[in-house]
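Enquirer: First residue of the sequence shown: 1, per our numbering; consecutive thereafter. Got a structure for you, written out below as C-alpha cells; questions coming shortly.
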Amino acid sequence: MDETNVLDEMPAEEITQTEKKSRGGKHSKPGKNGRRGGKKSKKGLVIALCVIAALAIIAALFVFVVYGGRHMYLKAELGDGAPAASAFMKDGADASYVGDANVSTSKEGTYILKVKSGGKVRPELLIVRDTKAPTTDTTEAQITIDDKSLDPETALGEIKDASKVTATWEKEPTYGAAGAYDCSIKLEDACGNSRSVKLTVKVLGLVDVLEHEAGQPRPSLKDFMAVEREDAKLVTDLNDITWDKLGDYEVKAEFDGKTFTSTLRIVDTTAPDPDIVPAAVLVNGKIEAKDLALSGGDATAVSYEFTSEPVLSKAGTVSCGIKATDEAGNSSEKTGKIIVCDAIAELEASMDMVTESDVLAALGSDYAGYKMESEPFERTSLGAHAMVFAKGDEKINVGVVIKDTVAPTAEGIDCQCSTGYYCEPIKFVTNVADMSKVTAKFVNEPDWSVEGEQNVQIVLTDRAGNETTVEAKAIIAPDTTAPVIYAARDRYCYVGEAVSYFKEVFAEDNADPEPEIEVDKSKVDAKTAGTYDVTYTATDHEGNTSSVTVKYTFVEKKIDDAKLDEAVDKVIGEIITDDMSVPEQAYAIFDYCYSNIIYTGTSDKTDWKSEAYRGLTEGVGDCFTFYSASYALLQKIDCQVLSVERLNGKTQHFWCLVNLGTGWYHFDACNVGPEHLRCFMKTSEELVKYSVQYWRFDTSLYPPLETTPYSMS
Numbered sequence: 001m002d003e004t005n006v007l008d009e010m011p012a013e014e015i016t017q018t019e020k021k022s023r024g025g026k027h028s029k030p031g032k033n034g035r036r037g038g039k040k041s042k043k044g045l046v047i048a049l050c051v052i053a054a055l056a057i058i059a060a061l062f063v064f065v066v067y068g069g070r071h072m073y074l075k076a077e078l079g080d081g082a083p084a085a086s087a088f089m090k091d092g093a094d095a096s097y098v099g100d101a102n103v104s105t106s107k108e109g110t111y112i113l114k115v116k117s118g119g120k121v122r123p124e125l126l127i128v129r130d131t132k133a134p135t136t137d138t139t140e141a142q143i144t145i146d147d148k149s150l151d152p153e154t155a156l157g158e159i160k161d162a163s164k165v166t167a168t169w170e171k172e173p174t175y176g177a178a179g180a181y182d183c184s185i186k187l188e189d190a191c192g193n194s195r196s197v198k199l200t201v202k203v204l205g206l207v208d209v210l211e212h213e214a215g216q217p218r219p220s221l222k223d224f225m226a227v228e229r230e231d232a233k234l235v236t237d238l239n240d241i242t243w244d245k246l247g248d249y250e251v252k253a254e255f256d257g258k259t260f261t262s263t264l265r266i267v268d269t270t271a272p273d274p275d276i277v278p279a280a281v282l283v284n285g286k287i288e289a290k291d292l293a294l295s296g297g298d299a300t301a302v303s304y305e306f307t308s309e310p311v312l313s314k315a316g317t318v319s320c321g322i323k324a325t326d327e328a329g330n331s332s333e334k335t336g337k338i339i340v341c342d343a344i345a346e347l348e349a350s351m352d353m354v355t356e357s358d359v360l361a362a363l364g365s366d367y368a369g370y371k372m373e374s375e376p377f378e379r380t381s382l383g384a385h386a387m388v389f390a391k392g393d394e395k396i397n398v399g400v401v402i403k404d405t406v407a408p409t410a411e412g413i414d415c416q417c418s419t420g421y422y423c424e425p426i427k428f429v430t431n432v433a434d435m436s437k438v439t440a441k442f443v444n445e446p447d448w449s450v451e452g453e454q455n456v457q458i459v460l461t462d463r464a465g466n467e468t469t470v471e472a473k474a475i476i477a478p479d480t481t482a483p484v485i486y487a488a489r490d491r492y493c494y495v496g497e498a499v500s501y502f503k504e505v506f507a508e509d510n511a512d513p514e515p516e517i518e519v520d521k522s523k524v525d526a527k528t529a530g531t532y533d534v535t536y537t538a539t540d541h542e543g544n545t546s547s548v549t550v551k552y553t554f555v556e557k558k559i560d561d562a563k564l565d566e567a568v569d570k571v572i573g574e575i576i577t578d579d580m581s582v583p584e585q586a587y588a589i590f591d592y593c594y595s596n597i598i599y600t601g602t603s604d605k606t607d608w609k610s611e612a613y614r615g616l617t618e619g620v621g622d623c624f625t626f627y628s629a630s631y632a633l634l635q636k637i638d639c640q641v642l643s644v645e646r647l648n649g650k651t652q653h654f655w656c657l658v659n660l661g662t663g664w665y666h667f668d669a670c671n672v673g674p675e676h677l678r679c680f681m682k683t684s685e686e687l688v689k690y691s692v693q694y695w696r697f698d699t700s701l702y703p704p705l706e707t708t709p710y711s712m713s
C-alpha cells in the first residue's frame, strides 16, 4: 500500500504526525518498520472507535431505561420557582416531587430535584437563570417646582424583577421650572439584564388635574395649589365655570411672577337618587316614567325609563320599576306607583285636608252629586292619591294629584363666614316658607379666602322644582367662634353598665365640618350609685373651644337588656314589614305607642328602660312611658333620635326629636296632649298653634329643627 492511500484513511491527527516524519524527519523515506507501525496504529484506532461506539450505545440504553419519557433537565426563569413536577415528563404524565422543591426566587442556580412518576423516583436537573430585564408600568411622574431632585426609583414606583435592580437617570427633568419633560431611566438587575424606560415627568406649580364631583361644594385656590405661596391668586373666575356640566376646564393662577395652569375635571360618579311620587293616569291612557319623578336627585340631567311597561287597562294601583340614568351613565332603580283611574283631580298643596268639595270642584260639573267614600288626607303629600267617589250605585276611581306650583319665599341675610371655610348656602337665608323641603345653591359662590363683604345670590328650589333667587351677603372674617355642643344634658345611667357618652351628644361648628369633641368622665364611679359631673369639650380647627358640664346619675338597673330587647323585637315584628320605607316604619312605631299605651299619669322617671318595658308589655304609664317606648323602638330603624324634656314647666313632659334623613322634627306619641294631637314629625311652628308651653324646650341644647312641614312621601 502506498503512502498516499494510507494517509487518505488515517485520522487527521495521525496524518499530521506522518507528514512531520516524512517531510521534516531525518529519514525521508519510510522503511519496513514504518509500514508495520502504520498498520498497528490503524488497527488500534478501529478498536478505540468500536469501544467508544459501544459505550455510547450503553449510555443511550441507560438514559432510555432511566429517563425514558422524561426530560433530563429543564430551564426556569429566576423568580418563577420550581415548575410543576409533571413538566419534567415529556408526555405531561402525572408526577410529584419527592421532598421539598425549594428553588431560590432571587438567585440563579442549578438544582437537583427528585421527581416521582409511575412508581419510579429519578433525579432531575433544574437550571435557574435570569434572562429578563426589569419592567415597570409607570409612564408618568409628578413633582413640584419646589422639588430640587427626584429619585429615579421613586419616579418609577413599582419595579418588577426577580433580582435587585438599580435605577439611574439617563435624562432628567429641569428642576424648578414648570413643564412636562420627556425623560429616561436605565434599569439594570443584578444579573446584568437592562432596559431604558421612557417617562414624562411633570414639574408642577398647580396640580395637574383636579377632579371635582358635580354637585359638591366647589374647590378653592388652595385645592389647585401644588405648592404653598402667600402671593398666589386665581386668574380664572370660578364663577364662569358651569359646575353641573361634565368636562375639563382650564384654571390659571399667578404666583412667583408667573402664570400656572391646571385642569379642572368635573365628573359625576354618583348614581341619581330620584324623588319618585305616585302619578295618576286614566284607564288605557299614556304615561312616561319621568311623570313619576319630581326631581332627579343628581347634579346632572337625568333620564327615566320603565323597567317594564305598566299595564294601564284596569283601574287600580299599579307598581312599576323606574330606571334613572344621569349624564355620566350612572343609574339606579326605584319602585313607583301609578294610580289608574276614571278621573283626575289636581289640587294645590296646602296645610288643609282634602275635602269632597275640593275634589268635585277640580273635577268639574260633570261629577256633581258624587260623594267621597275615601278618608280625607293632608294636602302636604305631593303626588297622586287614590280615592273612591260614588253616586248611587255607581262608583268611580279618582286620582287626586297634589301639586306644588308655588315657589318658596325667604329673606337673605348677612351671613357671618370664616376665612377659608365653605359655608352652606342655606345659611344665607331665613324665614324660608314652602309646602315642601327647600334646597339652596349659590349662583355666584363667594371667594372664601378673601376677607370682607361679598354679595351673593342664592337659588332656593322646592321639592317640586319651583325656584326663587334671593340676594344675601357673605361677611368673611377669621374664625373666632367656638363649636356648639348639642344634646348634652343631665342623664340617668345604670350602675355597672357601660355608658355611651356620645350616644346623643355631638358638636357642630360654624366653619369646621368635623370639630373634635371629648368627654371628661374622670369623676364618674360607674360601679357606685350616685350623681357625678361629666364635662364635654369641643374644639375646631382654629383652636376655638367650648365646654358643657352635665350630671350623670347612676341607679340600679331593674330590667335586663335581653328582656327589653325581646319585648321590643316582638313589637317590631308585629308592626314593621320588609317593604316599608323608613318614614313608614317610624309612623308604625308612632301609631303603635299612641294607640296601645293608656295614660295613667305615673312612671319611674329615673329608669327609661323599665318604663319602655312597662309600656310595651303592660300598656300603661305617662308621657315618660310613651317617650321611653318610642325611644326603644326607634333604635331599631335607620334614624337619629334625641331625648327632649319640657323647659320650666309646672309638670315634666318628655318626647323625642327624630331625623329620618330630612332634618329634625318633634315626635311625641303621648295621646293626651293638646287636642290629642298626633304629634308625628311636627315642626315647632306647627306645635305652637296648639300650645306655646306644652312642647317648649331648651333649643340651645339641640340642632335647629326644620321649618317646612314634614311629608311622608
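The beta-carbon is built from N, C-alpha and C at its ideal position, and this holds for glycine as well.
Mind reading off the beta-carbon distance from Gly-615 to Phe-626? Whole number of angstroms is fine, and I expect it under 8 Å.
Expert: 7 Å
Enquirer: Which one of Leu-294, Thr-263 and Thr-259 has the shortest CA to CA distance from Pro-272?
Expert: Per the Cα distances, Leu-294.
Enquirer: Under 8 Å, with one C-beta from each stretch per pair, do the region 137 to 150 and the region 100 to 119 reach the 3-pair mark?
Expert: no
Enquirer: Determine the direct distance from the alpha carbon of Pro-217 to that of Pro-102, and round the result to whole angstroms.
Expert: Going by the sequence as given, residue 102 is Asn instead of Pro. Taking the straight line joining both Cα atoms gives about 57 Å.
Enquirer: With a CB to CB cut of under 8 Å and the five nearest residues on each side skipped, what residues in its chain are close to Pro-152?
Expert: Ala-167, Thr-168, Trp-169 and Ile-185
Enquirer: Counting only the same chain and skipping the five closest in sequence on each side, list residues whose C-beta sits under 6 Å from that of Ala-632.
Expert: Val-568 and Ala-612
Enquirer: Could you please give the first and the last residue of the uninterrupted alpha helix (DSSP H) stretch that includes Thr-625?
Expert: 623 to 634
Enquirer: Three Cβ pairs or more, each shorter than 8 Å: is that satisfied between the region 481 to 490 and the region 445 to 456?
Expert: At 8 Å Cβ cutoff, the stretches do not touch.
Enquirer: Restricting to runs no shorter than 4 residues, where is the alpha helix (DSSP H) found entirely within the region 553 to 631?
Expert: 561 to 575, 582 to 596 and 608 to 617
Enquirer: Should Ser-766 and Asp-189 be called a contact, given that it needs their Cβ atoms to be closer than 7 Å?
Expert: In this structure the chain extends from 1 to 713, so residue 766 is not present and cannot be described.
Enquirer: Cα separation between Cys-493 and Thr-553?
Expert: If you draw a straight line from the Cα of Cys-493 to the Cα of Thr-553, it is about 6 Å long.
Enquirer: Can you tell me which of Thr-131, Thr-139 and Thr-110 puts its alpha carbon nearest to the alpha carbon of Leu-125?
Expert: Thr-110
Enquirer: Rounded to whole angstroms, what is the Cα-Cα separation between Val-692 and Glu-686?
Expert: 10 Å
Enquirer: So, does the region 241 to 260 touch the region 213 to 232, judging by three or more C-beta pairs under 8 Å?
Expert: yes
Enquirer: Per the contact definition of three or more C-beta pairs closer than 8 Å, is the region 646 to 660 in contact with the region 693 to 701?
Expert: yes
Enquirer: On the DSSP bridge assignment, give the partners of Cys-493 in chain order.
Expert: Phe-554
Enquirer: When burial is assigned at 16 or more other CB atoms within 10 Å of the CB, is Gly-336 buried or exposed?
Expert: buried
Enquirer: The alpha helix (DSSP H) spanning Val-715 covers which residue range?
Expert: With the chain covering only 1 through 713, there is no way to say anything about residue 715.
Enquirer: What did DSSP end up calling Asn-239 once you bin it into helix, strand or coil?
Expert: Assigned with DSSP and collapsed to three states, Asn-239 falls in helix.
Enquirer: State the beta-bridge partners of Cys-415 as determined by DSSP.
Expert: The bridge partners DSSP lists for Cys-415 are Ala-474.
Enquirer: Look up Val-505 in the DSSP assignment and give the residues it is bridged to.
Expert: For Val-505, which the question treats as bridged, DSSP gives no partner whatsoever.
Enquirer: Per DSSP, which residues does Ser-691 bridge with? Please list them.
Expert: None, per the DSSP bridge assignment.
Enquirer: By DSSP, does Phe-224 sit in helix, in strand, or in coil?
Expert: helix
Enquirer: Determine the DSSP secondary structure at Val-398, reduced to helix, strand or coil.
Expert: strand
Enquirer: Is the distance from the Cβ of Thr-135 to the Cβ of Lys-160 below 7 Å?
Expert: yes
Enquirer: Any contact of the region 321 to 333 with the region 347 to 359, i.e. 3+ C-beta pairs under 8 Å?
Expert: no
Enquirer: Terminal residues of the continuous beta strand (DSSP E) containing Val-717?
Expert: Residue 717 lies beyond the range of the chain shown here (1 to 713); nothing can be said about it.
Enquirer: Quick one, which of Ala-498, Glu-514 and Pro-515 has its alpha-carbon nearest Ala-526's?
Expert: Ala-498
Enquirer: Report the rounded CA-to-CA distance for Thr-602 versus Asp-622, giving the unit in angstroms.
Expert: 5 Å
Enquirer: Taking the alpha-carbon of Ala-669 as reference, which of Thr-662, Val-281, Cys-656 and Pro-219 has the nearest alpha-carbon?
Expert: Cys-656
Enquirer: Tell me the rounded alpha-carbon separation between Thr-105 and Ala-76.
Expert: 10 Å
Enquirer: With DSSP as the reference, label Val-51 as helix, strand or coil.
Expert: Correct three-state label for Val-51: helix.
Enquirer: What residues in its chain sit with their C-beta under 6 Å from that of Thr-433, if we drop five residues either side in the sequence?
Expert: The sequence as given places Ala at residue 433; Thr does not occur at that position. Excluding sequence neighbours, Ala-433 sits near Thr-409.
Enquirer: By Cβ distance below 8 Å, which residues in the same chain neighbour Val-582 in space, the five residues on each side in sequence not counted?
Expert: Ile-637, Asp-638, Cys-639, Leu-660 and Gly-661
Enquirer: Grab the span of the alpha helix (DSSP H) containing Val-207 for me, first residue to last.
Expert: Element bounds for Val-207: n/a, residue is neither H nor E.
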